[in-house]
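For the sequence shown, my numbering assigns the number 75 to the initial residue and increments by one for each residue that follows.
Every residue, glycine too, gets a C-beta built ideally from N, C-alpha and C.
Worksheet: one structure, shown below.
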Amino acid sequence: VLPEPDSAEVRSSVGAKATEYAVGDVIDGRFEIIDILGQGGFSTVYRVRDEVEGEERAFKLFENAAGYEAVRREIGALRKINHPNVVDVFWAGKTNTGDWYLITEYVEGESLDEYAIGKRHLRDREAIDVALDILGALVAIHPDSTRIEELEQKNRESELSEAEYHEWMELQDKGLVHRDIKPLNVILTRTGAKLLDFNIASRVGDPVYTQSGTPPYQPPDANLTRWDVSPDLFAVGVMLYKLLCNGRHPYPGSQPMAGEHAIDPRTIRADMDRELAEFLLKACAPYRSERFATAQEMKDALSTVRRSGTD
75 VLPEPDSAEV
85 RSSVGAKATE
95 YAVGDVIDGR
105 FEIIDILGQG
115 GFSTVYRVRD
125 EVEGEERAFK
135 LFENAAGYEA
145 VRREIGALRK
155 INHPNVVDVF
165 WAGKTNTGDW
175 YLITEYVEGE
185 SLDEYAIGKR
195 HLRDREAIDV
205 ALDILGALVA
215 IHPDSTRIEE
225 LEQKNRESEL
235 SEAEYHEWME
245 LQDKGLVHRD
255 IKPLNVILTR
265 TGAKLLDFNI
275 ASRVGDPVYT
285 QSGTPPYQPP
295 DANLTRWDVS
305 PDLFAVGVML
315 YKLLCNGRHP
325 YPGSQPMAGE
335 HAIDPRTIRA
345 DMDRELAEFL
355 LKACAPYRSE
365 RFATAQEMKD
375 ALSTVRRSGT
385 D
């Protein structure tokens, strides 16, 4: 079980700032700072060398206990996922100076961002493979909705066995929605694409309190009361569209709008395979009823397109 700050510490820490470190500093006599990877609103990420394990890791230092507590449940869920396209989460804790931290795999590679804005280019097959990797990651983190429905139906009609009840509870507890899939959160490595940064991930089914994320990758019908998987799937569709269309967004002004339809990618690339273009139009459709329902369904459809002979 991950350590948890008490409620008094969470309340008193709001607005506090964590200790700042520079390259060469050592945290708790164990984690040597090699580089500063990034800084956000409530955390700083360092590349460190773990002197105990002899490995390089990513060390996320939260500004305060409130920031750590906000994502602790999601960190716990990620620790249960072992998938080649999802960043590995190892541990979380508190430094000797009282700052909360998270240790994850350090992913060596390059961001997808320059490819998605058209500065660099991938072949169609390569771009599709990136999307398939991310969809594979989503299959791993999203709930198994089909099995959940089976168990819920059985629970309505009869009594679940003890094993089935525990399975039902575990499946509901496990499902996450990333909520901020975009090229900056995808790293290309030698072994494939990897999904990072679960800072604002939520449990599927949790109430929606804030509409966060990156607007060009958020579906126009994201007026949810409870989180579901549709924002993640739409974001993958937009990301693939941009990779294949020289950085162009499927909606005018890069703003997905209800009532508008995605721009046919063949107006940008006349040479695009018809099946691939139809896949993109469905993936980027304005209403969830018109899009793919699950990551597995979307992944299967894209795999079929790839097998059809896309260059």
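Asked                                                                                                     : Found
Proximity of residue 136 and residue 92 at Cβ, strictly below 9 Å                                         : yes
Burial state of residue 233 (16 or more Cβ within 10 Å)                                                   : exposed
Beta carbon of residue 307 nearer than 9 Å to that of residue 267                                         : no
Boundaries of the alpha helix (DSSP H) in which residue 210 is found, first to last residue               : 198 to 215
Coil, strand or helix - residue 281 by DSSP                                                               : strand
Proximity of residue 214 and residue 314 at Cβ, strictly below 9 Å                                        : no
Contact with chain B by residue 83, beta-carbon distance below 9 Å                                        : Looking at the structure shown, chain B is missing, and only one protein chain is on hand.
Beta-bridge partners of residue 167, as assigned by DSSP                                                  : 175
Residue 113, DSSP secondary structure in three states                                                     : strand
Beta-carbon proximity list for residue 287, same chain, < 6 Å, skipping 5 on both sides                   : 253 and 254
Residue 136 in three-state terms, based on DSSP                                                           : strand
Backbone CA spacing between residue 175 and residue 281 [nearest angstrom]                                : 26 Å
First and last residue of the uninterrupted beta strand (DSSP E) at residue 268                           : 266 to 269
Integer-rounded CB distance, given that residue 311 should sit under 8 Å from residue 190                 : Not quite, the Cβ-Cβ distance comes to about 13 Å (not below 8 Å), so this is no contact.
DSSP three-state assignment for residue 160, whether helix, strand or coil                                : strand
The stretch 220 to 233 touching the stretch 125 to 144, judged by at least three CB pairs closer than 8 Å : no
Where residue 306 sits in the DSSP three-state scheme                                                     : helix
Beta-carbon spacing of residue 100, residue 110 below 9 Å                                                 : no
Candidates 273, 343, 379 and 209: closest to residue 373 by CA position                                   : 209
Alpha carbon of residue 95 to alpha carbon of residue 121, nearest angstrom                               : 11 Å
Paired residues, beta bridge with residue 251 - DSSP                                                      : 276
Status (buried if at least 16 other CB within 10 Å, exposed otherwise) for residue 292                    : buried
Close beta carbons around residue 379, own chain, < 8 Å, minus the five adjacent residues each side       : 202, 347, 349, 350 and 353
Any non-hydrogen atom of the ligand MG within 8 Å of residue 174 CB                                       : You won't find the ligand MG in this model; it holds no ligand whatsoever.
CA-to-CA distance, residue 139 to residue 227, given in whole angstroms                                   : 40 Å
Assigned exposure category for residue 325 - 16 Cβ within 10 Å defines buried                             : buried
Euclidean distance between Cα positions of residue 333 and residue 360                                    : 7 Å
Identified DSSP bridge partners for residue 262                                                           : 184 and 267
Presumed contact (8 Å Cβ cut-off) between residue 98 and residue 107, rounded CB distance                 : 6 Å
Bridge partner(s) assigned by DSSP for residue 106                                                        : 100 and 123
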